[in-house]
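Have a look at the structure below, then the notes.
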Amino acid sequence: AQKVTQAQTEISVVEKEDVTLDCVYETRDTTYYLFWYKQPPSGELVFLIRRNSFDEQNEISGRYSWNFQKSTSSFNFTITASQVVDSAVYFCALSPRSGDSNYQLIWGAGTKLIIKP
Amino acid sequence: DTGVSQDPRHKITKRGQNVTFRCDPISEHNRLYWYRQTLGQGPEFLTYFQNEAQLEKSRLLSDRFSAERPKGSFSTLEIQRTEQGDSAMYLCASSSPRLAAGEQYFGPGTRLTVT
Numbered sequence: 001a002q003k004v005t006q007a008q009t010e011i012s013v014v015e016k017e018d019v020t021l022d023c024v025y026e027t028r029d030t031t032y033y034l035f036w037y038k039q040p041p042s043g044e045l046v047f048l049i050r051r052n053s054f055d056e057q058n059e060i061s062g063r064y065s066w067n068f069q070k071s072t073s074s075f076n077f078t079i080t081a082s083q084v085v086d087s088a089v090y091f092c093a094l095s096p097r098s099g100d101s102n103y104q105l106i107w108g109a110g111t112k113l114i115i116k117p
Numbered sequence: 118d119t120g121v122s123q124d125p126r127h128k129i130t131k132r133g134q135n136v137t138f139r140c141d142p143i144s145e146h147n148r149l150y151w152y153r154q155t156l157g158q159g160p161e162f163l164t165y166f167q168n169e170a171q172l173e174k175s176r177l178l179s180d181r182f183s184a185e186r187p188k189g190s191f192s193t194l195e196i197q198r199t200e201q202g203d204s205a206m207y208l209c210a211s212s213s214p215r216l217a218a219g220e221q222y223f224g225p226g227t228r229l230t231v232t
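Protein chains in written order, with my numbering: chain A, 1 to 117; chain B, 118 to 232.
What follows is the structure, encoded as structure tokens:
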């Protein structure tokens, strides 16, 4: 079965705190892709990052960092020094296919992140 | 690059009526996806086009739903005999082989309310 679990429904922190959003996935495929998308209150999904299952290097982009651990099937997302503008719903997604043009995404239920000033 | 656009942004309809939504993908993108998102949930895949060919349909897409992409550019999603359970946000996304595999650009969505 292909599945993405985001156990945290909602997280609320005060501005400047660090926050980690958890993502656990299930797939039988050996090649797959993992994603994080942001959905601000305006509603439009914004692509943040894509990770190939063969690349377990962690990635940092400004205040954002991602920790991919294949051994625990997790792909966690950390925001350092959070800001009010980070408030949004964050989705983790899995694309289980490769060698096929249909990269449909399987999504978690999302984590609503609230950053209080 | 004007991004993915969807029309209308909001649609309120009575149960039993037919509705049609339109998606205009990014012009050079040949891949187009439809998803449905209900409140508090992640999007669910509905269907996928490569150029004008509909290559995959989810089992979520009942006989009342039909999607087309006649010239490989814009796409339409029609729901016939709408039911209250069809109330959701319908999202369109597009992609290109030149992008990283799986990277998709989303439109703002069409919010459907069936009364």
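For every residue, glycine included, the Cβ atom is placed at its ideal position computed from N, Cα and C.
On a predicted model such as this, the values are computed, not experimentally measured, just so you know.
- Message: Closer than 8 Å is the cut-off here; do at least three beta carbon pairs connect the region 146–155 of chain B with the region 207–226 of chain B?
- Response: Counting Cβ pairs under 8 Å, three or more are found: they touch.
- Taking Cβ-Cβ distances shorter than 8 Å, what residues in chain B pair up with S128/A? Here chain A has residues from 1 to 117 only, and residue 128/A is not among them.
- Message: Run through the DSSP bridge pairs and tell me what V19/A is partnered with.
- Response: For the purposes of this step, residue 19/A is identified with residue 19 of the first sequence, where counting begins at 1. I79/A.
- Query: Would you say L94/A and V4/A are within 8 Å of each other, going by their C-beta atoms?
  - Reply: Along the first sequence, read from residue 1 onward, the residue named residue 94/A stands at position 94. Along the first sequence, read from residue 1 onward, the residue named residue 4/A stands at position 4. Contact flag set, yes.
- Task: Taking G226/B as the query, report the chain A residues whose CB atoms sit under 9 Å from its CB, ordered along the chain.
- Result: Along the second sequence, read from residue 1 onward, the residue named residue 226/B stands at position 109. Residues of chain A with a Cβ closer than 9 Å to the Cβ of G226/B are, in chain order, G43, E44, L45.
- Message: Quick check: V231/B and E200/B, are their CB atoms within less than 8 Å of each other?
- Response: In the second sequence, counting from the first residue as 1, residue 231/B sits at position 114. In the second sequence, counting from the first residue as 1, residue 200/B sits at position 83. The answer is yes: Cβ separation under 8 Å.
- Query: Taking C-alpha atoms, which residue in Y222/B, R228/B, R132/B lies nearest to S144/B?
  - Reply: Walking along the second sequence from the start, residue 144/B turns up at place 27. The option with the nearest alpha carbon to S144/B is Y222/B.
- Query: Does DSSP put Q201/B in a helix, in a strand, or in coil?
  - Reply: Sequence index remark: in the second sequence, residue 201/B carries index 84 (1-based). Assignment of Q201/B by DSSP, reduced to helix, strand and coil, places it in the helix class.
- Query: For T5/A, which of helix, strand or coil comes out of DSSP?
  - Reply: Within the first sequence, the letter at position 5 stands for residue 5/A. The answer is strand: DSSP assigns T5/A an E or B state.
- Item | K70/A to Q197/B span [Cα, whole Å] | Position 70 of the first sequence, counted from the start, is the residue given in the question as residue 70/A. Position 80 of the second sequence, counted from the start, is the residue given in the question as residue 197/B. Those two C-alpha atoms are separated by around 43 Å.
- Item | Alpha carbon of R126/B to alpha carbon of A205/B, nearest angstrom | Along the second sequence, read from residue 1 onward, the residue named residue 126/B stands at position 9. Along the second sequence, read from residue 1 onward, the residue named residue 205/B stands at position 88. R126/B and A205/B: Cα-Cα distance of roughly 12 Å.
- Task: Taking P160/B and R153/B to be in contact with their CB atoms under 8 Å, please state how far apart those CB atoms are, rounded to whole angstroms.
- Result: In the second sequence, counting from the first residue as 1, residue 160/B sits at position 43. In the second sequence, counting from the first residue as 1, residue 153/B sits at position 36. Cβ-Cβ separation between P160/B and R153/B: approximately 7 Å, consistent with a contact (criterion under 8 Å).
- Query: Roughly how many angstroms lie between the CA atoms of T31/A and D22/A, to the nearest whole one?
  - Reply: Here residue 31/A is taken as the residue at index 31 of the first sequence, counted from 1. Here residue 22/A is taken as the residue at index 22 of the first sequence, counted from 1. Computed Cα separation, rounded: 21 Å.
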